[in-house]
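Protein chains in written order, with this note's numbering: chain A, 8 to 216; chain B, 3 to 531. This report concerns only the one structure given below.
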Amino acid sequence: MTAQNPDNRTADNPKIIGKLLVLVVAMFGFGFALVPLYDVFCDVTGLNGKTGNKVSFEIAPIVDESRVIKVTFLTSLNESMPWNFQAEQSFIKVHPGKPTTVNFIAKNTSNKSIIGQAVPSVAPGLAAAYFQKTECFCFTQQKLKAGEEKLMPVTFIVDSKLPKGMNEIVLSYTFFVSNKNEQDLSVATYDETAKSKSLTLSLNQDHIL
Amino acid sequence: MNAVVEEHHDHDHKPTGLGRWLFSTNHKDIGSMYLWFSFTMFFIGGALALLIRAELFQPGMQIVEPEFFNQLTTLHGLIMVFGVIMPAFVGLANWQLPMMIGAPDMALPRMNNWSFWLLPGAFGMLLASLVMSIMGLGSAPNFGWTFYAPLSTTYGPDSTDYFIFSVHLMGISSVMGAINVIATIMNMRAPGMTYMKMPIFVWTWFITAYLLIAVMPVLAGVVTMMLTDRNFGTSFFSAAGGGDPVMFQHIFWFFGHPEVYIMILPAFGIISSIVPTFSRKPLFGYSSMVYATASIAFLSFIVWAHHMFTTGMPVAGELFFMYATMLIAIPTGVKVFNWISTMWRGSLTFETPMLFAIAFIFLFTMGGFTGLMLCIVPADFQYHDTYFVVAHFHYVLVTGAAFSIMAAVYFWLPKWTGNMYDEKLGKLHFWLTTISANVLFFPMHFVGLAGMPRRIPDYALQFAEFNQIASIGAFVFGFSQLIFLYVVIKCVRGGKKATGEVWEGAKGLEFELPSPAPFHSYTTPPEVK
């Protein structure tokens, strides 16, 4: 575009403004599109080491008796949630490929019912792809009545394809007060969006050792 | 658009009184308002910074409560970024673009008026939260200028909603300003001025305007998500509802990194105008300057996560963002070498604008080098969130962007007012500013490397000496700016008459106009060969 004749220099303005406004609206939309894109990107590339709230179905795994993997459990509560939450044991040694069940105990220490959502995370991040949970209290939201204590099992398999040299895994759970509490305290249903969303959080930071 | 037609009626007839400013559609009046607004905010943001430095003069709690300290750092950052640097550049664009391209005014004068008058509203609201905090009516925003979730969502004070609305207004103002700049540059150039004949300042603003249009809406998006998270039960950034606070940082920095180039590209344009004038040589490597600016703008979109290396990113991601960030050093280096080559064997004189321009080249390059240090992933884990980062971005924003603005004011003030500024006081201002800025920011590198975290009101004893030096530098720096204010006021009120050319041999259409520049610049477009 070369310089304009002075008499109609502003004749093009509406066209330019129109185009630029389309760009503005598109970029506003792009900001929101980043929300699902962020998940898709991490799913496709497998970046971010997320273990997610996903059920894994591992059939007839090969047990590798020659290796011993130490799995350490970490538990934490978010936003001063009035619960106690611990693993029954602080770590366990397992053979890759062997299903293992560990119990976690949660107790509601307040005087009202609270729905919680546990968010898992595995460190080191690269191990997440080899850490399969076949049963987990994090798959559903957990409701505890005032003073109630609950035993919550997790069954997991460490994939025998876990890279050599990776001999320690940390599994961490953080319980969050679910935002379901404000809406409907009687039904603790599984939140589909919570399932599909990435829930890797700052937990990962704790694990960079 | 009949604005241009109307202006033929008012030729040489300025509106008077308050209405001249409130309803102004004149690029020079609006430019002056932007610059005075920015100057006012500079002193407010500076006062907050001095409170911060006073608190940090000694270890232990001295003057303010920790909660209030957090509000000080937050407001200082927001005001300096959105209230000082950005409006000052828009003000310079308003004054200079029409004169530099041979146009009578900006393409969209009424929108220009509106985009300025949104700013006092936006900052009035932001500062109101600080006033309320001082009156004991609740906290002002206290989560840092980067307003990371959940600090600004779950834990944000009530005033966060003021902050969100204020950011929306600033965003609308910037986007309108940017549309105006693009329309002006595309449509209003004098006959014969092709794109590759435009002055570099026009080029850098052209590219900056596109950056603004690309990222200010993303900022609007992220604060809108905060708004709905806080008030309407969504969970964009709340893990309990399926969101992710780390995603906040991704979206914020997708805006934030281009934003830091928005604050430096016009500075490159200013330096590229000043250095050739006082070297009495044409700019070395004009077209490489244009391409370097465009490359920096492009790269700014693919480096954002270098602000987030410690969030637990995978190594592949860290490496990508590290290498992409290092690439930026190449076009930036091209610019620095071009400026030096422009000065090489020139017949240099050292008036105040040139002094600021040379200080800019030297000190901005230092800030660039610390940026390179920060982009190295393993080193960043040590430097992250320490005073080293504070030193880095103050070198690029204060001795970089702010110095370029001061240089521009000294350079073009005679053109705007028709009077020469007081050269002696200008030089005094330069030396005090440059020395004190280094006394202020250089020790921050050392305390940062030694491990002092940023945004804290108290610190370990071993950091005391460097902090004292920095605080002394801060007070000298702050009060030196009163000299600047005095020089500007004195120049506006009178002084030695400036010629049209202002500086010996100055090139550019703005220097072909008489000084002071007439109310309407080029009602008949000049012919550019």
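Every residue gets a Cβ at the ideal spot worked out from N, C-alpha and C, and that includes glycine.
In whole angstroms, give me the CA-to-CA distance for G79(B) and W147(B).
Here residue 79(B) is taken as the residue at index 77 of the second sequence, counted from 1. Here residue 147(B) is taken as the residue at index 145 of the second sequence, counted from 1. When rounded, the distance between both Cα atoms is 5 Å.
Suppose the cutoff is 6 Å on Cβ atoms and the five residues either side in sequence are ignored; what does the same chain contact list for A124(B) look like?
Indexing the second sequence from 1 puts residue 124(B) at position 122. Closer than 6 Å at Cβ, skipping near neighbours: S168, L171, M172.
Look at V489(B) and F468(B) and say whether their C-beta atoms are less than 8 Å apart.
Within the second sequence, numbered from 1, the residue matching residue 489(B) stands at position 487. Within the second sequence, numbered from 1, the residue matching residue 468(B) stands at position 466. Not in contact: V489(B) and F468(B) (Cβ atoms no closer than 8 Å).
Shortest alpha-carbon distance to M265(B) belongs to which of F366(B), I166(B), F238(B)?
Here the question's residue 265(B) lines up with position 263 in the second sequence. Considering only alpha carbons, the answer is F366(B).
Measuring CA to CA, which of G123(A), S73(A), V75(A) is closest to P89(A)?
Numbered from its first residue, the first sequence carries residue 89(A) at position 82. Taking only the C-alpha atoms, the option nearest P89(A) is G123(A).
In chain order, what residues of the same chain lie with their CB nearer than 7 Å to the CB of M345(B), ignoring the 5 residues before and after it?
Here residue 345(B) refers to the residue found at position 343 when the second sequence is read from its first residue. Once the five neighbours on either side are set aside, the close Cβ partners of M345(B) are V277, S281.
Which residue's Cα is closest to the Cα of L30(A): L329(B), S154(B), V177(B), G126(B)?
Your numbering for residue 30(A) matches position 23 in the first sequence. Per the Cα distances, V177(B).
Which class does M454(B) belong to by DSSP, given the choice of helix, strand or coil?
Position 452 of the second sequence, counted from the first residue, corresponds to residue 454(B). Reduced to three states, the DSSP call for M454(B) is coil.
Measure the C-alpha to C-alpha separation of Q11(A) and S275(B) and round it to an integer number of angstroms.
Taking the first sequence and counting its residues from 1, the one referred to as residue 11(A) is at position 4. Taking the second sequence and counting its residues from 1, the one referred to as residue 275(B) is at position 273. Note that Q11(A) has pLDDT 45, beneath the 50 cutoff, so the model's placement of it is unreliable and no number is given.
With a 10 Å radius around its C-beta and 16 neighbouring C-beta atoms as the bar for buried, classify N72(B) as buried or exposed.
As a first step, residue 72(B) is located in the second sequence; it is residue number 70 there, counting from the start. Per the 10 Å Cβ criterion, buried.
Three CB pairs or more closer than 8 Å across the region 427-437 of chain B and the region 379-392 of chain B
no
So, with DSSP's three-state summary, where would you put A135(A)?
Here residue 135(A) refers to the residue found at position 128 when the first sequence is read from its first residue. Correct three-state label for A135(A): helix.
Please name the residue in K152(A), S83(A), I176(A), V126(A) whose C-alpha comes closest to that of S117(A).
Counting from 1 along the first sequence, the entry for residue 117(A) is found at position 110. Comparing Cα positions, the closest option is K152(A).
So, helix, strand or coil for V530(B), using DSSP?
Position 528 of the second sequence holds residue 530(B). Of the three classes helix, strand and coil, the one that applies to V530(B) here is coil, per DSSP.
Since I46(B) is in the alpha helix (DSSP H), which residue starts that stretch and which ends it?
Numbered from 1 along the second sequence, position 44 holds the residue referred to as residue 46(B). Unbroken alpha helix (DSSP H) run through I46(B): 29-57.
Within a Cβ cutoff of 7 Å, which residues of the same chain sit near L301(B), ignoring the five residues on either side of it in sequence?
As a first step, residue 301(B) must be located in the second sequence, where it is residue number 299. Cβ within range, chain order: A326, L329, I330.
Can you confirm whether the region 117-132 of chain B touches the region 196-212 of chain B when touching is taken to mean that 3 or more C-beta pairs between the two stretches lie within less than 8 Å?
no
Along the chain, where does the alpha helix (DSSP H) containing W90(A) start, and where does it finish?
Within the first sequence, numbered from 1, the residue matching residue 90(A) stands at position 83. W90(A) -> not in any alpha helix (DSSP H); beta strand (DSSP E) instead, spanning 90-94.
Beta carbons nearer than 8 Å to chain B: which residues of the region 160-181 of chain A have them?
T181
With a threshold of 16 other CB atoms inside 10 Å of the CB of E320(B), please say whether the residue is buried or exposed.
What you label residue 320(B) is simply residue 318 of the second sequence in a count that begins at 1. Per the 10 Å Cβ criterion, buried.
Using a Cβ cut-off of 7 Å, which residues of the region 36-51 of chain A contact any Cβ in chain B, in chain order?
F37, G38, F39, L41, V42, Y45
Using CA coordinates, which residue listed in A113(A), Q148(A), A125(A), C143(A) is at the minimum distance from G154(A)?
Position 147 of the first sequence, counting from 1, holds the residue named residue 154(A). Of A113(A), Q148(A), A125(A), C143(A), the residue nearest in Cα terms is A113(A).
Name the chain A residues whose beta carbon is nearer than 8 Å to that of A216(B)?
Translated into the one-based positions of the second sequence, residue 216(B) becomes position 214. In chain order: L30, M34.
In whole angstroms, give me the CA-to-CA distance for H252(B) and F234(B).
Your numbering for residue 252(B) matches position 250 in the second sequence. Your numbering for residue 234(B) matches position 232 in the second sequence. Approximately 22 Å, taken between the alpha carbons.
Going by the DSSP bridge assignment, what does V78(A) pair with across the sheet?
Locating residue 78(A) in the first sequence gives position 71, counting from the first residue. For V78(A), which the question treats as bridged, DSSP gives the partners I99(A), I176(A).
Could you say if the region 75-95 of chain B and the region 438-446 of chain B meet the contact criterion of at least three C-beta pairs nearer than 8 Å?
no
Under 8 Å between C-beta atoms of L376(B) and P268(B)
For the purposes of this step, residue 376(B) is taken as residue 374 along the second sequence, with counting starting at 1. For the purposes of this step, residue 268(B) is taken as residue 266 along the second sequence, with counting starting at 1. No; because the gap between Cβ atoms is not below 8 Å, this pair is not in contact.
On the DSSP letters alone, give me the boundaries of the beta strand (DSSP E) that G258(B) sits inside.
Counted from its first residue, the second sequence places residue 258(B) at position 256. No beta strand (DSSP E) holds G258(B); the alpha helix (DSSP H) holding it covers 247-264.
Buried or exposed: F45(B), going by 16 or more other Cβ atoms within 10 Å of its Cβ?
Within the second sequence, residue 45(B) is the residue found at index 43, counting from 1. Counting Cβ neighbours within 10 Å, F45(B) comes out exposed, since fewer than 16 surround it.
Looking at the strands, I want to know which residues DSSP matches up with F183(A).
Reading the first sequence from its first residue, position 176 is the one you call residue 183(A). Bridge partners of F183(A): Q124(A).
Quick one, are the C-beta atoms of Y135(A) and V126(A) less than 8 Å apart?
Translated into the one-based positions of the first sequence, residue 135(A) becomes position 128. Translated into the one-based positions of the first sequence, residue 126(A) becomes position 119. Checking the displayed sequence, the identity of residue 135(A) turns out to be Ala instead of Tyr. No, the pair does not count as a contact, with Cβ atoms beyond the cut-off.
First through last residue of the beta strand (DSSP E) which encompasses K114(A)
For the purposes of this step, residue 114(A) is taken as the residue at position 107 of the first sequence. Where K114(A) is concerned, the enclosing beta strand (DSSP E) stretches over 107-115.
Using DSSP with H/G/I as helix, E/B as strand and the rest coil, what is Q64(B)?
Start at 1 with the first residue of the second sequence, and residue 64(B) comes out as number 62. Here Q64(B) sits in coil by DSSP.
Does the structure place the region 105-123 of chain B close enough to the region 225-244 of chain B that three or more beta carbon pairs sit under 8 Å?
no
Chain B contact for I121(A) (CB, 8 Å cutoff)
Numbered from 1 along the first sequence, position 114 holds the residue referred to as residue 121(A). No, its Cβ sits nowhere closer than 8 Å to a Cβ of chain B.
How about L27(A): is its C-beta nearer than 8 Å to some C-beta of chain B?
In the first sequence, counting from the first residue as 1, residue 27(A) sits at position 20. With 8 Å as the cut-off, L27(A) counts as an interface residue toward chain B.
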